[in-house]
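First residue of the sequence shown: 0, per numbering that gives the first Met the number 0; consecutive thereafter.
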Amino acid sequence: MAKTVTTYSRGRLIGSGILTAIDVGLTWAIIYYFAILPLPPEYAEFIHIMHDLHWNLAVAIFNPIAWSYFLGVAFDVLIILIGLYGSYWVLGHFAAYARDAGLWVRLKRAGSPMIKRWDPWQRAQHILMFVTFVICAFTGFVTMLDRNPLWRQVYINGLVSFSGSPPYFLWPSFTSPYPLIILIHIISGIIMGFLVLAHFGYYGARVIVDKIKGYSILEKWPLLQIYTWGFVRYMWHRSIWLINPRHPPPKWVHKYDPEELFEYWGVYWGIAVLGIPGIIMAVWGPSAGAGVAFVMHTKEAVLAVTFLLLVHLTYTHFNPRIFPYREVFHSGKIPLDIVKEEHPNWYEELKREGVVKEDGSK
0 MAKTVTTYSR
10 GRLIGSGILT
20 AIDVGLTWAI
30 IYYFAILPLP
40 PEYAEFIHIM
50 HDLHWNLAVA
60 IFNPIAWSYF
70 LGVAFDVLII
80 LIGLYGSYWV
90 LGHFAAYARD
100 AGLWVRLKRA
110 GSPMIKRWDP
120 WQRAQHILMF
130 VTFVICAFTG
140 FVTMLDRNPL
150 WRQVYINGLV
160 SFSGSPPYFL
170 WPSFTSPYPL
180 IILIHIISGI
190 IMGFLVLAHF
200 GYYGARVIVD
210 KIKGYSILEK
220 WPLLQIYTWG
230 FVRYMWHRSI
240 WLINPRHPPP
250 KWVHKYDPEE
260 LFEYWGVYWG
270 IAVLGIPGII
280 MAVWGPSAGA
290 GVAFVMHTKE
300 AVLAVTFLLL
310 VHLTYTHFNP
320 RIFPYREVFH
330 SGKIPLDIVK
340 EEHPNWYEEL
350 KREGVVKEDG
360 SK
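Right under this line is the structure:
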């Protein structure tokens, strides 16, 4: 039996290692092309513009060209830093979890009860978000890197929906043929934006109602833990633990781990930075604001793809414990033994609610 488990774990570990290496390598290829290579010329151009303005910040702050290059440099640096820390996080956890390769599947096969974590509506939202994001990312990058006329051979003719003078809100106001791939990009972005707004509005209203009723918001809504010093302290100690296992981090007791909190709120932050410039470009074109909207939209898109490819895909699905993937997004369930080990506060809450018996059975 031990030999079977060892062979099984080794296979999971090898598969996890291969996909992790591919994912990290692909992410750094994106970072190199979209952040490292553009950084020196963007920085040089920003310094040149500021020199022409005699480093007068009162003037520069109203200069959209200066803002365009400043934001390009800032985003490039941020993308590189996220790539460095994300690689550290992913590879550190790969090493830490290597000895537990295949744990998730072993617990299921051993009969660990499965606890519901997401309801059907939450799973549907996640899948719709994933699909629209992939469509947006693909069509956006193809448009930005268009060197092949094949991508622009399909057009929508006479694309006009309303009478009157342009611009039309959120609708391409063109009477000439319009590239289909850009139209798909805009429509998928609108769907994703409305999904995020609906989600935020629904749960935001529930949080406000619970606050009025006098509930402890941090206990009832653990996703808000990201805005506490406890989250910052935990991340600091967890980062140290990755290179020094003898430095145990404080026990994380909430329903969602820190990486999941960051990803959840990152959707809101990212949609704001992507969506507002996206709306501006959909109405007034990519040159709006001397290119400020274009820089914000494209650089934030690179940042989002970098984070989701490197951290979410690798840490959430490819880490040795979980490999080949975490099934919560379609099953909505998680092994009870994982809950007990990684989320003890939630485990105790399930016991109080009667979902889990005192002996730990379901």
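A virtual CB, placed ideally from N, CA and C, is assigned to each residue, including glycine.
Computed from a predicted structure; not experimentally measured.
- In the displayed model, Pro249 falls within coil according to three-state DSSP, outside both helix and strand.
- In the same chain as Thr142, and ignoring 5 residues on each side of it, the C-beta atoms closer than 8 angstroms to its own belong to Trp150, Pro178, Ile180, Ile181 and His184, in chain order.
- Comparing C-alpha distances from Met295 to each of Leu52, Ile78 and Leu83 shows the shortest one belongs to Ile78.
- Straight-line measurement puts the Cα of Leu308 at about 36 angstroms from the Cα of Lys350.
- When secondary structure is reduced to three states using DSSP, Lys254 falls in the coil class, being assigned neither helix nor strand.
- With a cut-off of 8 angstroms on Cβ pairs, the segment 330–340 is in contact with the segment 113–120, counting three or more such pairs.
- In this structure, Phe45 lies near Phe69, with their beta-carbon atoms less than 8 angstroms apart.
- Put simply, the segment 28–45 does not touch the segment 9–17. Fewer than three CB pairs are less than 8 angstroms apart.
- In the structure shown, Pro244 adopts coil according to DSSP, grouped into three states.
- Judged by DSSP secondary structure, Ile134 falls within the alpha helix (DSSP H) whose first and last residues are Pro119 to Met143.
- Val58 counts as exposed, since fewer than 16 other C-beta atoms from the protein chains shown sit within 10 angstroms of its C-beta.
- For Ile333, there is no enclosing alpha helix (DSSP H); the enclosing beta strand (DSSP E) has its first and last residue at Lys332 to Pro334.
- DSSP places Ile114 outside any alpha helix (DSSP H); the residue lies instead in the beta strand (DSSP E), whose first and last residues are Met113 to Lys115.
- With contacts defined as CB atoms closer than 8 angstroms, Ile81 and Phe317 fail to qualify as a contacting pair.
- The continuous alpha helix (DSSP H) containing Asn344 extends over residues Pro343 to Arg351.
- Taking a contact to require three or more Cβ pairs closer than 8 angstroms, the segment 213–226 and the segment 257–270 qualify as touching.
- When the Cα atoms are used, Tyr201 and Met49 turn out to be separated by approximately 45 angstroms.
- Per DSSP, reduced to three states, the secondary structure at Pro323 is coil, with no helix or strand assignment.
- Check the Cα spacing between Phe193 and each of Leu217, Arg245, Val208 and Thr131: the tightest is with Thr131.
- In the displayed model, Tyr233 falls within a helix according to three-state DSSP.
- With respect to the C-alpha of Gly71, the residue from Glu348, Ala300 and Arg105 having the closest C-alpha is Ala300.
- Taking the Cα of Gln124 as reference, the smallest distance to any Cα among Ala28, Thr313, Ile239 and His198 is reached at His198.
- Residue environment: Ser67 is assigned as buried (16 or more neighbouring CB atoms within 10 Å of its CB, all protein chains considered).
- Within the same chain, Cβ atoms closer than 7 angstroms to the Cβ of Asp22 are found at Leu308, Leu309, Leu312, Thr313 and Phe317, the five residues on either side in sequence being excluded.
- Between Arg232 and Pro257, the C-beta spacing is not below 8 angstroms.
- Contact annotation, Trp240 with Pro249: C-beta distance approximately 10 angstroms; criterion of less than 8 angstroms not satisfied.
- Collapsing the DSSP output to three states places Ala100 in coil.
- Cβ neighbours of Thr315 within its own chain (closer than 6 angstroms, five residues either side excluded): Arg325.
- Nearest neighbour of Leu302 by Cα position, chosen from Val272, Ala281 and Leu90, turns out to be Val272.
- Here the alpha carbons of Ala136 and Ile126 stand approximately 15 angstroms from one another.
- No residue range can be given for His316, since it is assigned to no alpha helix (DSSP H) and is classified by DSSP as neither H nor E.
- When DSSP states are grouped into helix, strand and coil, Ser67 belongs to the helix group.
- By the beta-carbon neighbour count (other beta carbons within 10 angstroms, threshold 16), Val195 is buried.
- Boundaries of the alpha helix (DSSP H) harbouring Ala57: Leu56 to Ala59, taken from the DSSP string.
- Residue environment for Lys210: exposed (fewer than 16 other C-beta atoms within 10 angstroms of its C-beta).
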